[in-house]
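Residue numbers (the working numbering), protein chains in the order written: chain X, 1 to 148; chain Z, 1 to 148. All C-beta atoms in this analysis are idealised placements derived from N, C-alpha and C, irrespective of residue type, glycine included.
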DNA sequence: GTGGGAATTGGAATAATTCCAAATAAAGCG
DNA sequence: CGCTTTATTTGGAATTATTCCAATTCCCAC
Ligand SMILES: [Mn+2]
Ligand SMILES: [Mn+2]
Ligand SMILES: [Zn+2]
Ligand SMILES: [Zn+2]
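Structure below.
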């Protein structure tokens with residue numbers, strides 16, 4: 001059986017095992033919540049979503065599990081200024097557009113070629129582990145529908 | 001007298017007037033502190049530096065004045081993850097390199113042409129008011145000297 | 001089954017920033 | 001000048017997201 005795109009729980013198990021971590025129900029439900037609605041929720045938003053299925057979960061656990069997912073490279077942290085950290089399960093290289101009007105976050109694809117161009121801006125001796133590109137602005141009303 | 005590169009106090013006065021704001025000693029000393037050591041200090045760091053010259057200034061005022069300078073487009077706010085906001089008086093378009101080792105921040109020039117390339121990644125309907133590019137990584141020991 | 005480390009939990013603590021109401025300073029005016 | 005009005009500063013309280021902590025619960029290996 002080839003790894004299908006809905007093999008997400010398996011990917012979680014694999015990555016956790018790889019790091020010598022346990023696959024708990026809390027970690028699973030949180031990872032599924034992120035995959036189910038990829039709107040870059042905050043920890044608090046994840047907490048509300050996950051409590052529907054698992055009312056006994058604690059906010060501290062949500063923070064702990066999110067951190068674990070980030071360390072397993074299953075999820076990216078996204079920050080806009082000093083706002084609450086948001087979580088993104090899109091593993092493809094991409095930039096973020098923050099719509100100041102609605103507060104919504106949209107993924108923007110960035111071709112590897114452009115990423116390379118940007119990395120080349122660094123002088124000798126600078127070694128970047130990661131590159132973040134963030135847009136801030138407004139979206140046309142019409143574009144709002146498209147972006148769904 | 002042509003506007004020289006050390007005409008910074010004049011620039012401050014001009015920008016404040018343009019926004020109908022007053023030119024206070026607190027605003028001046030804070031702006032000078034930023035220009036004097038362009039290492040992207042936090043509000044707390046600005047507070048310590050400025051207290052040498054003006055021991056009676058309050059932290060609240062430092063926050064207020066920094067916000068004013070940002071609104072006058074004399075200073076940019078810079079954030080790394082959820083760390084304290086840093087302040088940058090470099091008005092040329094540039095990216096930031098965050099050295100995880102030392103915590104230091106370095107300006108990286110970005111040619112307008114590349115900025116344009118990046119802006120073109122946005123689909124129709126997306127209007128970006130600002131674009132941020134942030135590198136996270138380590139610098140070679142040798143490069144540390146160069147970057148002064 | 002038992003022991004021991006891992007994970008979860010609730011609540012306290014932290015840190016940066018913002019808010020607030022009172023005091024002070026600056027500007028405009030006659 | 002005095003007076004009035006408005007902006008700014010100030011100290012301290014409040015806020016918010018996150019981290020810390022110690023106690024409990026859960027798992028897995030033996
Ligand atoms: Mn924003
Ligand atoms: Mn960093
Ligand atoms: Zn994303
Ligand atoms: Zn800068």
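What are the start and end residues of each continuous alpha helix (DSSP H) run of 4 or more residues lying completely inside the stretch 29–63 of chain Z, in chain order? 43–53
Give me every residue whose Cβ sits closer than 5 Å to any heavy atom of ligand 3, in chain order. X/88, X/90, X/107
Starting from the beta carbon of residue 128 of chain Z, find every residue of chain X whose beta carbon is closer than 8 Å, and list them in chain order. 97, 135, 136, 137
8 Å Cβ cutoff, residue 132 of chain Z in contact with chain X: yes
Please look up how many angstroms separate the CB atoms of residue 89 of chain X and residue 66 of chain X, rounded, as I've assumed it's under 8 Å. Between residue 66 of chain X and residue 89 of chain X the Cβ distance is about 11 Å, and since that is not below 8 Å, they are no contact.
Who are the Cβ neighbours of residue 7 of chain X in its own chain at under 8 Å, not counting the five residues just before and after it? none
Entirely enclosed alpha helix (DSSP H) segments - the stretch 105–144 of chain Z, minimum 4 residues: 112–119
In whole angstroms, what is the alpha-carbon distance linking residue 17 of chain X and residue 23 of chain X? 8 Å
Is any heavy atom of ligand 2 found at a distance shorter than 7 Å from the C-beta of residue 53 of chain X? no
Measuring straight from C-alpha to C-alpha, what distance separates residue 76 of chain Z and residue 14 of chain X? 43 Å
Proximity test, residue 80 of chain Z beta-carbon vs ligand 1 heavy atom, cut-off 7 Å: no
What whole-angstrom Cβ distance do residue 154 of chain X and residue 94 of chain X have, given they're in contact under 8 Å? Absent from the structure is residue 154 of chain X, since the part of chain X shown begins at 1 and ends at 148.
Report the three-state DSSP secondary structure of residue 3 of chain Z (helix, strand or coil). Note on residue 3 of chain Z: pLDDT 45, under 50, position unreliable in the model; the coordinate value appears next. If DSSP states are grouped into helix, strand and coil, residue 3 of chain Z belongs with coil.
How would you label residue 82 of chain X, buried or exposed, when you count the other beta carbons within 10 angstroms and need 16 or more for buried? exposed
Note down, in chain order, all residues in the stretch 65–88 of chain X with a beta-carbon under 8 Å from any beta-carbon belonging to chain Z. 77, 79, 81, 82, 85
Please state whether DSSP places residue 8 of chain Z in a helix, a strand or coil. helix
Can you list, in chain order, the residues of its chain whose CB lies under 6 Å from that of residue 107 of chain Z, leaving out five sequence neighbours each side? 90, 94
Bridge-paired residues (DSSP) for residue 94 of chain Z: Z/109
Output the distance between the C-alpha atoms of residue 53 of chain Z and residue 80 of chain X, rounded to the nearest integer angstrom. 34 Å
Classify residue 70 of chain X as helix, strand or coil using the three-state DSSP reduction. helix
Taking the straight line between their C-alpha atoms, what separation do you get for residue 123 of chain X and residue 49 of chain Z? 30 Å
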